[in-house]
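Okay, so here's the structure we're looking at.
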Amino acid sequence: MRLSAMRCRIRGGALVAALCAPHALLEAQSAPLTLAEVLDLQRNGVSAFQIARMAQQYCIAFALSDSVARAIEVRMGGATLADRLRGACVKVPEVRAPDILVDEDFATLTRHVAGDGLCAVAPGPGGMKVDNRRPYEGCTIPYPVEGYGHPLRIELTFAELGGAGVGVIVLGFGRDTGSSDQHTIAITTGGDVEIGATMDGRFRRLRPLARVSARERGAPSSELAVEIRGEVVDVFVNGRPIAAFEAQQSLGPGLSLGVGPQSTARFRRLVARRLDVASAGP
Amino acid sequence: MASGLSTAALPVPMTVPAGIAGIAGIAGVIMPFEATSELREQLAQGNIKAQFGDYVVAQRTFRAALDRVEQLSAAYPNEQTLPATRRSIEQAMQRARRACDAENTVLRSRSAAPVPCD
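Here the protein sequences come in this chain order: A and X.
Position one of the first sequence corresponds to residue 1 (our numbering), numbered consecutively onward.
Position one of the second sequence corresponds to residue 283 (our numbering), numbered consecutively onward.
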């Protein structure tokens, strides 16, 4: 959707709609020729001269790549139109990157058991069950995400948190490729929320422990979310803000999901989405 | 005295339309080459006009060519090339019409005035 059209839509209201209508009309009048339109003109026998003339008038809405030129040439039986279109102005419509970067329900991942046989990951319709029997170490599944550099929100929905001792679930973010350094948000079965960072292999707690209520812990599933705006990170549990902190280093694109020692949990859904710039913090 | 030749077997003189040189023969009158090239020229001119978006003049040129084909068909009923020429002209008219309609589809979607097609 074009930004101008979107502005008209989000303002809403009859008056604004009336103000926006002429703009939309002007936009339609000056809309560049799409590749589909060019091919349709060709198919209907409009000459290369006429198509090029219209392209000069309205511009074209596609880049004249080699493959496009070949498609046109095949239809024309010559390079005439492609050559002529090279002189036309190009107005490629603004393509907005998708807001949703990740939407994972873990239904199609394959079952995996760690090399030591103590951590098993079993995807399924209800989400991905992670069962870690390591007595002292956690079990982490890395998940790469592109899209940092924009305001970003990451949401992890989980359920069935438990374990032999204190069950712990961990959401890691900001990890660079090839490094284990990351920031983490962890929740225990007791409702403690720990915010920390691992730098050069050493963990450091960044904020005092926070707690979520027993009522929230009793819900069938819970949601852990972070919103990242530059170096500033806001943490939410079940939609409620828990803490905000400043990252200890620039945040890389990697995510990770994990559970603590002797912990089990079912990861239901992982979503990473860009936040509107307008909703970005100060 | 009977000559042994029937008059019915002799060549029959035919009236040739003014301006067209014809050869009278048993098979009838042969259409002159100039008439064929005149039609070809009209067909080419119409196609050029359509190619440059002058669809009205193109259709007018094609219609004139069709009229000429009709005249020639009356004058040379046995001329074998005329039906094919007529088909070529009719196809050119359809192509020009289709191209004009396609242009107008693009123009209408931009609220621009359509170009006249014929």
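Think of the CB as a built atom: it goes at the ideal place given N, C-alpha and C, for glycine as much as any other residue.
These numbers were taken from a predicted model, which means no experiment stands behind them.
C-beta contact flag for residue i and residue j at 8 Å
| i | j | result |
| --- | --- | --- |
| S222 of chain A | V233 of chain A | no |
| Q42 of chain A | L101 of chain A | no |
| L275 of chain A | E227 of chain A | yes |
| L364 of chain X | S355 of chain X | yes |
| L64 of chain A | R86 of chain A | yes |
Which listed residue (the options) has its alpha carbon closest to that of residue i
| i | options | result |
| --- | --- | --- |
| S179 of chain A | A:M199, A:A164, A:I169 and A:L161 | A:M199 |
| R211 of chain A | A:G260, A:V193 and A:A186 | A:V193 |
| E316 of chain X | X:V388, X:V339, X:G335 and X:R350 | X:R350 |
| R273 of chain A | A:A69, A:A31 and A:D103 | A:D103 |
| T189 of chain A | A:G239, A:G127 and A:P261 | A:P261 |
| A88 of chain A | A:Q56, A:A31 and A:S30 | A:Q56 |
| G254 of chain A | A:L156, A:V121 and A:F173 | A:F173 |
| G239 of chain A | A:R153, A:S256 and A:T184 | A:R153 |
| E265 of chain A | A:L206, A:V271, A:R70 and A:N132 | Note that residue 265 of chain A is Ala in the sequence shown, not Glu. Of the listed residues, the one whose Cα sits closest to A265 of chain A is A:N132. |
| D400 of chain X | X:S319, X:S393, X:R390 and X:C382 | X:C382 |
| D336 of chain X | X:M375, X:S393, X:A394 and X:S391 | X:M375 |
| G328 of chain X | X:E361, X:A346 and X:L389 | X:A346 |
Residue i: first and last residue of the uninterrupted alpha helix (DSSP H) it sits in
| i | result |
| --- | --- |
| K331 of chain X | F315 to Q333 |
| R43 of chain A | L35 to R43 |
| A48 of chain A | A48 to Y58 |
Residue i (DSSP reduced to helix, strand or coil)
| i | result |
| --- | --- |
| F106 of chain A | coil |
| P365 of chain X | helix |
| N360 of chain X | coil |
| I312 of chain X | coil |
| P227 of chain A | A quick correction: the sequence has Glu, not Pro, at residue 227 of chain A. It is a strand residue. |
| E137 of chain A | coil |
| A384 of chain X | helix |
| V351 of chain X | helix |
| T80 of chain A | helix |
| Q182 of chain A | strand |
| R202 of chain A | strand |
| D99 of chain A | coil |
Endpoints, beta strand (DSSP E) assigned at residue i
| i | result |
| --- | --- |
| D192 of chain A | D192 to M199 |
| R153 of chain A | L152 to G163 |
With 16 other Cβ atoms within 10 Å as the buried cut-off, status of residue i
| i | result |
| --- | --- |
| E385 of chain X | buried |
| D116 of chain A | exposed |
| G306 of chain A | Residue 306 of chain A cannot be examined here, being either before or after the span of chain A that is shown, 1 to 282. |
| G281 of chain A | Low confidence applies to G281 of chain A: its pLDDT is 43, below 50, so where it sits in the model is not reliable, and the reading given next is rough at best. So G281 of chain A counts as exposed. |
| E231 of chain A | exposed |
| A36 of chain A | exposed |
| R205 of chain A | exposed |
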